[in-house]
Structures are given as structure tokens and as C-alpha cells.
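J.: Please read through the structure below; I'll follow up with questions.
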Amino acid sequence: MSGERQPVHTGGCQCGAVRYALFSALTDASICHCRMCQKAFGSYFAPLADVPLSDFVLTRGQLSTFRSSAAVERGFCSSCGTPLSFRYVDEPKIAIALGSLDHPDRVPLTKQYGIEGKIPFLPAFDLPGAATEDSSTEVHLEQIASANYQHPDHDTATWPPAGATP
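Okay, so the sequence shown: first residue is 2 according to my numbering, each after it adds one.
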């Protein structure tokens, strides 16, 4: 069918329960070292790139989400736990986890964010860098600080705290 739009990229989770297609090129391919991204990915950093939300189409399954702060929603597969996306809920774009692409080697990194959380023994990436406070809006920073639903970096007797509503 020559009239159908062809995806620029495709990808999905580790178990295959969630698949997606992207209908425009990814932009701002970066790694984020902030503590929230470290925890969300279970890694030293999160590799992400943006696409307009209107060009992100689920082709199989459903994206489960976790609201890690008042500003941010993170998408993942509820079957295998693969991190798939990051999104400021008030913006018309979504950041895709680059490792979930079928061909992640086709998206070269251009920048790094959250460098205040960078693990000291990681190699020096030859990319420009910005601290989270320098690359997020004041509103987003205030929302993240005022309503942070991410589990802290220590054991707790109960979670979430009373009154927390993602």
C-alpha cells in the first residue's frame, strides 16, 4: 500500500507485549544522568530521544505508566518491565527509550542532561552537558520537587507515603 505512511523507527519492549511505530525522525537524542532517570532505567543513565506525541503510535499492547513526579510520566511494559518512554505531561512530545528501538544504532547521541547526577567513574562522554535545573522549565522543576512520587534511595516501612497521589 503505497499511500500509507511508513514508520521512521519501530521498537518495543523486551517480551514483545508492547510495540510501537514512530512516524517522524527522533530529535534531541541524549542521555540523562539525573537520579530519577537512573532509578527508572535501573542504570547509570537513560538514553532518550524526542518525537511528537502525534507521531508515536502503539502497534501492539498498552503502555503502562508511572507518574514519577507531578511533571513527568514514564511509560513501560507491565509484563516485562522494559522502560519505554519519558514525557512531561504538559508537552506535545514523548521521549523514547533508545534501547527499545529495533535499530538503536541509527540514532546518534547529541547531548547529556542531569550531569549533576553523573556517576564519577563513567567515561567522559564527548557531548555537551547541562544540569537538570538548566534544561527544565521552572514550572517543571517546581512540580518535580513539590510532588515527587519516586521511591527514595533507602528502604521504607510503607510506600507510597500517606496522601501521595500520582
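A virtual CB, placed ideally from N, CA and C, is assigned to each residue, including glycine.
Using the DSSP secondary-structure output, state which residues sit across from leucine 23 in a beta bridge.
T.: Start at 1 with the first residue of the sequence shown, and residue 23 comes out as number 22. Per DSSP, the beta-bridge partners of leucine 23 are His10, Phe57.
J.: Go ahead and pull the three-state DSSP assignment for isoleucine 120.
T.: Stepping through the sequence shown from its first residue, residue 120 is reached at position 119. Coil, per DSSP.
J.: Leaving out five residues on either side along the sequence, give the residues of the same chain with a beta carbon under 7 Å from the beta carbon of glycine 118.
T.: Within the sequence shown, residue 118 is the residue found at index 117, counting from 1. So the qualifying residues of the chain are His34, Cys35, Arg36, Gln39.
J.: Using the beta-carbon count (16 or more within 10 Å), is aspartate 161 buried or exposed?
T.: Locating residue 161 in the sequence shown gives position 160, where the first residue counts as 1. Sequence check: residue 161 is proline here, not aspartate. It counts as exposed.
J.: Report buried or exposed for valine 58, applying the criterion of at least 16 other Cβ atoms within 10 angstroms of its Cβ.
T.: By 1-based counting over the sequence shown, the position of residue 58 is 57. Its Cβ having fewer than 16 others within 10 Å, valine 58 is exposed.
J.: For isoleucine 32, count neighbouring C-beta atoms within 10 Å of its own C-beta (all shown protein chains included) and say buried if the count is 16 or more, exposed if not.
T.: Mapped onto the sequence shown, residue 32 falls at position 31. Buried.
J.: Taking the alpha helix (DSSP H) that threonine 133 belongs to, which residues open and close that run?
T.: Within the sequence shown, residue 133 is the residue found at index 132, counting from 1. From DSSP, the alpha helix (DSSP H) with threonine 133 extends over 133-136.
J.: Measuring alpha carbon to alpha carbon, tell me which of Ala125, Phe122, Ile145 ends up nearest threonine 133.
T.: By one-based count along the sequence shown, residue 133 stands at place 132. Minimum Cα distance to threonine 133 is reached at Ile145.
J.: Please name the residue in Leu102, Arg107, Pro129, Pro109 whose C-alpha comes closest to that of glycine 115.
T.: By one-based count along the sequence shown, residue 115 stands at place 114. Here the closest residue by C-alpha is Pro129.
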